[in-house]
Every structure is written in structure tokens, then in C-alpha cells.
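Numbering (this note's numbering), first residue to last: 5 to 144.
By construction, the Cβ of each residue, glycine as well, lies at the ideal position given by its N, Cα and C atoms.
Report on the structure given below.
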């Protein structure tokens with residue numbers, strides 16, 4: 005599959021409300037893990053990753069471009085300070101081995117974020133919050 009490999013761990017996963025964006029080419033790996041990060045619940049609505057010692061469960065999807073994802077994740081290369089998330093290259097483990105992918109990491113000091121937001125101990129957003137089906141067309 006041609007495009008950008010992206011490790012997704014929350015609402016972009018299969019079965020949740022943001023799966024199936026127009027820029028999605030396909031699902032490369034239905035099972036993937038990212039080590040060295042902890043998952044937090046940002047106000048109970050969506051997950052955020054911060055550097056840590058945990059393992060996060062997710063999937064690897066391929067997207068044509070980053071523009072739609074960047075908009076959803078509140079990421080701007082021109083304004084990193086004000087970005088909600090930062091796009092970062094990471095190494096993920098899949099059943100077929102390790103691979104490089106991009107992911108979105110919460111743009112807040114990890115220690116501050118851990119004090120402010122709840123931890124998702126299992127590293128799996130679907131253990132914390134059941135998938136929310138997509139309703140109608142995607143507008144954000």
C-alpha cells in the first residue's frame with residue numbers, strides 16, 4: 005500500500021467514530037503495539053500519548069496524506085507550540101515484526117499531563133471507552 009503508515013490508538017481505530025477518513029488507503033496491521041509511551045484519557049473524551057514506560061495497543065493504517073489527520077489532531081507544523089498533538093516517527097511492533105510509522109503524541113509535558121488526566125492503565129483505549137460508531141458523514 006502506498007502512502008503514510010500511521011499508528012492509531014483511539015478514535016481512528018476500526019469500529020470507532022473517526023475510522024474511515026477520506027484519506028485512508030487501508031489497514032496495514034490490525035494489531036500493533038507501541039512501547040515507551042503511556043496513554044491518558046483527555047477529559048474522558050479521547051486518548052493522548054505521553055512518553056513513559058508503558059505499552060500502547062493500536063493499529064497501523066495507511067493514509068494518502070497527513071493533512072486530514074493533522075487537522076483532526078490539532079497539529080500545525082507552522083505552530084508547534086499551539087498544537088494539541090505533535091506528529092512523531094515511532095517504531096511499532098506488529099505480528100510481522102517491527103516497522104516505522106508516524107503517530108500523534110499529546111503536546112504537553114508528560115509529568116504535568118499525568119497529574120491532570122486519568123491514566124489508561126492497559127494502554128488500550130477500547131478497554132477504557134467502548135468504540136463509538138460513526139454517525140452520518142465525517143464533518144470534522
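If you draw a straight line from the Cα of residue 40 to the Cα of residue 56, it is about 5 Å long.
A check of alpha carbon separations from residue 87 across 94, 78, 95, 133 identifies 78 as the nearest. The Cβ neighbour count for residue 32, taken over all protein chains shown within 10 Å, is at least 16; the residue is labelled buried. Spanning the alpha carbons of residue 47 and residue 53 requires a straight line of approximately 13 Å. Secondary structure of residue 17 (DSSP, three-state): coil. Taking C-alpha positions only, residue 34 is separated from residue 18 by approximately 8 Å. Assigned with DSSP and collapsed to three states, residue 115 falls in helix. Taking C-beta atoms as the reference points, residue 67 and residue 30 fail to come closer than 7 Å. Beta-bridge annotation (DSSP): residue 104 is paired with 95. Its Cα nearest to that of residue 99, the residue 64 stands out among 85, 64, 5, 16. Residue 80 is positioned such that its CB atom lies no closer than 7 Å to that of residue 91. Put simply, the backbone Cα of residue 112 is about 33 Å away from that of residue 5.
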